[in-house]
Structure formats: structure tokens, C-alpha cells
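Single-structure report; data block below.
2 protein chains.
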Amino acid sequence: MSRSNPRVLSTLERAGGFASAQEVYKLMQREGEKIGLTTVYRSLQSLVNDKIVDVLRRDDGEAIYRLCGENHHHHLVCKSCGETVEIEGVAIEKWAKAMAAEHGFRDVGHTAEIFGLCSKC
Amino acid sequence: MSRSNPRVLSTLERAGGFASAQEVYKLMQREGEKIGLTTVYRSLQSLVNDKIVDVLRRDDGEAIYRLCGENHHHHLVCKSCGETVEIEGVAIEKWAKAMAAEHGFRDVGHTAEIFGLCSKC
DNA sequence: ATGGAAATGATAATCATTTTCATTTGTGGT
DNA sequence: ACCACAAATGAAAATGATTATCATTTCCAT
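Line by line, the protein sequences give chains A and B.
The first sequence maps to residues 47 to 167 in our numbering.
The second sequence maps to residues 47 to 167 in our numbering.
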């Protein structure tokens, strides 16, 4: 098992805490970091295992990695231009907890994304 | 532009209204239907455009197509054994609509899944 | 320095999806 | 029936993200 390369996490942070593996890789290349694509994938995977980042999917299926935080939020994404708005999801947190409890699930997490067309598109 | 092959929709329905393109294709093959993978993809895409089905993503990034309907539900999935429970998500529907309206988004859909450990695991 | 474990990265493999393009099918007009 | 033309089809190749392989390098503890 491999441990995460710290430069990967640092780059993800610098990218706004929200980027795909390919983007992190290209970003590091542009900044002159010497690192292989494989290591980027491995590091991100490891960060996911350690619950330091979590992963969700773009519309085209590409995985995007996002820093976890206490301030867990969700996204409202425009299908057309990709504009993303972070939104509060207190209602979701409650819903997830309630549903989990009702069905005897524990240690639960959740994903919730809203997608549509923004006012400009 | 191409129109959807009706057998594709029929197969998706028979699959429980929830399957990937590859699965629909294999299902049709097994049932002796003569159809190409390309046509399956094209038909599903067309059904999405016509808002007859919508598309979301599996954890591994594969696109899954689901019949649109009033009886829109969500899933509570066990990370360990895979057991899945369908749950009501009225709260989510309201939340999604409210958030979309607040930010000027229209034509919105959403995904929401809860995952954790079931009582047996 | 030395041996072994962990980390790295180039390359190849995998797999869903899309593109290309030649062929087939359907349709309307004559 | 025949012909022309558009739409539909599908085999095969291209694409692009992700994963697997595996030889090499780096890190430590002795």
C-alpha cells in the first residue's frame, strides 16, 4: 500500500480544493513538479481512503476530487457552462441521518448534487 | 439526428428502468435481438434529449440510464455487502427545487445517495 | 555500506464511450 | 415498380480516463 504524495494534496488545495486527477497532473507539470500520472492517481486514491478528500463525478464521468471539510457542502452545477455554486445542505444532512437510522445503517455518508441550466445558459 | 430505437426503451423498461448502456446491449444480445452497440448508445442519448430517461453515474463512472417518472426515489447502499434500500426523498426534491430557484437555475435534476454499513455488516 | 520494503513512473492494458464511414433501410415522387 | 435521397444502422477504429505491470529508485534500519 502506498502513502499519498504530499505535493498532490498541496496542489489540489491550490486548485481550489476541487479538480480531476488529470487536472492535478497537468497543473503539477506546468508548475515544473516532476511527478508521474500514476502517482497522482495513487495519491488521490489514498487520500480518499483516508477520508481527506472525497470523490464525485463530472457529467462526462470524469472523477473529481474535493477536499473534505467540516463545512460539508454540495454543488449546484450548470450542465451547459459548468458554473458551480456551493450550497448549504443542512436539510440533506438531516435527511441522510434520519433515513440511515430508520433502516439501521451506521457510519453513513452521502452524495447529493443538483444540476441544471444556470440563468446565463 | 437519429430517433430512438423503440426496442432499446422497451429493454430498459424490462431491466427495471435502471441500467447502463452496456447492460442494455448485453441484455438485448442474450434475448436474441439484433442490434449494434452504437445504436444502443444513440438511442439512450436520444431518450435523454427527449427527457424520457435521465442519466446518472455509478461509482465507477459508468453512466446509468433511468426512466424518468413521478416515482423518483433514492438509494441507501451498504458499502460492505451492497444491500440497497429504496428510500423516499421528498425532502430532497424540495431542497433541490428551492436551491435551484434561489440561484436562478432551471430545468434541474439531482442525484442523492446515502451509503454506510447496514445492520448485518 | 547493505538488504529489504515502500514509492515511483513509464508503459501497456482495460473499458466505456464517441467518431467515422460505408452499407442498409425507409419513404416520397414519378 | 423504379429511382433518388435522407435517415438509421453497425462494424471498426479512435479517444480518453483509469488501472495494472513491473523494473527502477529512494528510504530506512541495521
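From the three backbone atoms N, C-alpha and C, an ideal C-beta is built for every residue, glycine too.
Item, Value
"Near-chain A residues of the segment 127-139 of chain B (beta-carbon distance less than 8 Å), N- to C-terminal order", "V131, I133, G135, A137 and I138"
"Run of the beta strand (DSSP E) containing I110/B, from where it starts to where it stops", "A109 to L113"
"Amino acids of chain A, ordered along the chain, whose beta-carbon sits closer than 8 Å to that of I8/B", "An answer regarding residue 8/B cannot be provided, because it is not within the stretch 47 to 167 covered by chain B."
"Beta-carbon proximity of F161/A to H156/B, cut-off 9 Å", "yes"
"Test item: CB-CB of V131/A and H149/B under 9 Å", "yes"
"Below-9 Å beta-carbon distance, E108/B vs any chain A residue", "yes"
"Limits of the alpha helix (DSSP H) - the one that A146/A falls within", "V136 to E148"
"Endpoints, beta strand (DSSP E) assigned at A158/B", "R152 to L163"
"Secondary structure of S50/B, DSSP reduced to three states", "coil"
"9 Å Cβ cut-off: residues of chain A touching L163/B", "F151, R152, D153 and V154"
"Where R103/A meets chain B, residues with beta-carbon distance less than 7 Å", "R103 and G107"
"Spatially closest choice to T85/A from R49/A, E77/A, I110/A and D106/A, by CA coordinates", "R49/A"
"Extent of the continuous beta strand (DSSP E) run through R103/A", "V99 to R103"
"Terminal residues of the beta strand (DSSP E) in which E132/A lies", "T130 to I133"
"Straight-line gap, L255/A to G107/A (C-alpha atoms, nearest Å)", "Look at the range of chain A in this structure, 47 to 167, and you will see that residue 255/A is not part of it."
"Terminal residues of the beta strand (DSSP E) in which A65/B lies", "F64 to S66"
"Through-space distance from E79/A to R179/B, alpha-carbon basis", "In the structure as shown, chain B starts at 47 and stops at 167, and residue 179/B therefore has no counterpart that could be examined."
"Straight-line gap, C114/A to S165/B (C-alpha atoms, nearest Å)", "26 Å"
"Buried or exposed by the 16-neighbour rule on C-beta atoms within 10 Å, applied to E159/A", "buried"
"Span separating the alpha-carbon of F151/B from that of R76/B", "42 Å"
"Of the listed residues S66/B, F64/B and L90/B, nearest to R53/B (C-alpha basis)", "L90/B"
"Test item: CB-CB of A146/B and W141/A under 9 Å", "no"
"Opening and closing residue of the beta strand (DSSP E) in which C124/A lies", "H120 to C124"
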